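Here is the structure we will look at, set down as structure tokens.
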Amino acid sequence: MKKIVMLLGLVFAMVACNTESEETHSHEEIVAQTEFVCPMECEGDKTYDKPGECPVCKMELQEVAQVIEE
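Residue numbers (this note's numbering): 8 to 77.
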């Protein structure tokens, strides 16, 4: 009986020490995309890819950075 208990204890100890952690660690990329908008919102929520001036009111476009998570 002692041999069975010792054998079970040994098997349990081996299994407990031999477990591998399967945790996954992912890295999410955060990309900042720059857009430009009119400060007067002449054309609503319209955005532009490049700096310049608004075609309607001729004011300088303002830079707005948007964060996109992938």
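Glycine included, C-beta positions come from ideal geometry on N, C-alpha and C.
This structure is a prediction, so every number in the text was calculated from the model and none was measured.
Residue pairing by DSSP puts A72 in a beta bridge opposite T41.
Fewer than three beta-carbon pairs drawn from the region 46 to 58 and the region 16 to 26 are found closer than 8 Å, and the two stretches are therefore not classed as touching. With fewer than 16 other beta carbons inside 10 angstroms of its own, C64 counts as exposed. Considering only C49, K9, Q73, K53, the residue with the shortest C-alpha distance to M66 is C49. Rounded to whole angstroms, the gap between the alpha carbons of Q40 and V71 is 9 Å.
If you look at K53, you'll find it isn't in any alpha helix (DSSP H); DSSP assigns it neither H nor E.
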